[in-house]
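Chemist: In the numbering used here, the protein residues as written are 500 to 734. Before anything else, here's the structure in question.
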Amino acid sequence: MKTKVAIIGAGLGGLACAIALRKQGFEVQVYEQAKDFRPVGGGLALFPNGLNFLELIEPDIVEEIKNSGCCLQKIVIKNIAGETISSSLTQDLTNWAEPIRNIIKNTPSDNIFEVPICDRSPLNSWSQGRVTLLGDAAHPMSPSMGQGANTAFEDAWVLTQCLVRFSNIEEAFNEYEKERMERTKIMQIKSAEGEKNQWRTTKKTQPQPPKTRKLDSSFTDWLYQYQPFLKISNV
Ligand SMILES: Cc1cc2nc3c(=O)[nH]c(=O)nc-3n(C[C@H](O)[C@H](O)[C@H](O)COP(=O)(O)OP(=O)(O)OC[C@H]3O[C@@H](n4cnc5c(N)ncnc54)[C@H](O)[C@@H]3O)c2cc1C
């Protein structure tokens, strides 16, 4: 009999996990609250760790992603109608980089969505009984390292592997948490620190331009060259 899995949320992590599980023969049902697809106007930066896990979930997808894009030589910012946004200064963002000021100035206010950046202190457990968490539900992080989706892809693949290797669900979730919690905890903390540094304000209402982010090479190796299952015991 095929093991049935219900996934709540057809976001990046949920869908990646659904694909990975179906490939392993699980019967997967995805439940999504949204009634339709709508553009959110956001781009997604994929880093080597996220791409490696997408490739594990769907071989050759990285080549497809690369072929549908191109190497960046320069950035031209356009509005949703494809028009290049022209130059003009805004009074209260004079210290910000020009493209940012232009975007804000030239975007109709109806198209600007203001949403708070929310994170949360790392949890001590993601699982209860036959339910576990992945992606933002497990480890929401502020966007300074651009790792929210990338780590959701890591989760999706690792969780699938744990469910394949361990027929006992509690054991599978234990191994999943052992493999994932420490890494994502570090990322949550580093991302929060990065956010504070980037958006620190010196005057009451005057945001300062983001500082150049510096990550040392041992940290970037740890971040981008993540190899899972080094700690997962053989079964
Ligand atoms: C503007 C923007 C830019 C970003 N850029 C990057 C980036 O460059 N790189 C990066 O790695 N990350 C980025 N992120 C973060 C990334 O999008 C998230 O970390 C990632 O989407 C998390 O995946 P998820 O599946 O956990 O959650 P989501 O993708 O948010 O999916 C959750 C889904 O669950 C659904 N849902 C919620 N509650 C219920 C319910 N009760 N029943 C049914 N369905 C439910 C929601 O409708 C949603 O579809 C960005 C986020 C934003 C908003």
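Here a beta-carbon is modelled for each residue, glycine too, at the ideal position from N, C-alpha and C.
1. Grouping DSSP H, G and I as helix and E and B as strand, with all else coil, what is Lys-534?
2. Report the rounded CA-to-CA distance for Ala-509 versus Asp-654, giving the unit in angstroms.
3. Taking only three categories from DSSP, how would you classify Ile-506?
4. So if DSSP puts Glu-526 in a beta bridge, which residue, or which two residues, is it bridged to?
5. Between which two residues does the alpha helix (DSSP H) harbouring Phe-552 extend?
6. Using the Cβ count rule (16 or more neighbours within 10 Å means buried), how would you classify Thr-704?
7. Run the proximity test for Ile-611: is its beta-carbon closer than 7 Å to any non-hydrogen atom belonging to ligand 1?
8. Buried or exposed: Ser-717, going by 16 or more other Cβ atoms within 10 Å of its Cβ?
9. Asp-535: beta carbon under 7 Å from a heavy atom of ligand 1?
10. Please report the straight-line C-alpha distance between Leu-662 and Phe-672, rounded to a whole angstrom.
11. To the nearest angstrom, report how far apart Lys-565 and Asp-559 are at their CA atoms.
12. Do Met-686 and Gln-646 have their C-beta atoms closer together than 8 Å?
13. My output table needs one value for Val-630: the three-state DSSP class, helix, strand or coil.
14. For ligand 1, I want to know if Gly-647 counts as a neighbour, meaning its beta carbon is within less than 7 Å of at least one of the ligand's heavy atoms.
Modeler: In brief:
1. Position 35 of the sequence shown, counted from the first residue, corresponds to residue 534. DSSP, read as helix, strand or coil, puts Lys-534 in coil.
2. Residue 509 sits at position 10 when you count from the first residue of the sequence shown. Residue 654 sits at position 155 when you count from the first residue of the sequence shown. Spanning the two alpha carbons is a distance of roughly 15 Å.
3. Here residue 506 refers to the residue found at position 7 of the sequence shown. Of the three classes helix, strand and coil, the one that applies to Ile-506 here is strand, per DSSP.
4. Locating residue 526 in the sequence shown gives position 27, where the first residue counts as 1. Beta-bridge pairing links Glu-526 to Lys-503.
5. On the sequence shown, residue 552 is found 53 positions in, with the first residue counted as 1. From DSSP, the alpha helix (DSSP H) with Phe-552 extends over 547 to 556.
6. Translated into the one-based positions of the sequence shown, residue 704 becomes position 205. With a pLDDT of 46 at Thr-704, under the threshold of 50, the predicted position of this residue should be treated as unreliable, and no value is reported.
7. The sequence position of residue 611 within the sequence shown is 112, counting from 1. Result no, Cβ not under 7 Å from ligand 1.
8. Sequence index remark: in the sequence shown, residue 717 carries index 218 (1-based). When all chains shown are included, Ser-717 counts as exposed.
9. The residue labelled residue 535 in the question sits at position 36 within the sequence shown. Using a cutoff of 7 Å, the CB of Asp-535 does not count as near ligand 1, since none of the ligand's heavy atoms is closer than that.
10. For this step, residue 662 is matched to residue 163 along the sequence shown. For this step, residue 672 is matched to residue 173 along the sequence shown. Roughly 8 Å between the two C-alpha positions.
11. Position 66 of the sequence shown, counted from the start, is the residue given in the question as residue 565. Position 60 of the sequence shown, counted from the start, is the residue given in the question as residue 559. Rounded to the nearest angstrom, the two C-alpha atoms are 10 Å apart.
12. Looking up residue 686 in the sequence shown gives position 187. Looking up residue 646 in the sequence shown gives position 147. Against a cut-off of 8 Å, the Cβ pair of Gln-646 and Met-686 comes out as a contact.
13. Working through the sequence shown from its first residue, we reach residue 630 at position 131. Here Val-630 sits in strand by DSSP.
14. Start at 1 with the first residue of the sequence shown, and residue 647 comes out as number 148. True, at least one ligand heavy atom lies under 7 Å from that Cβ.
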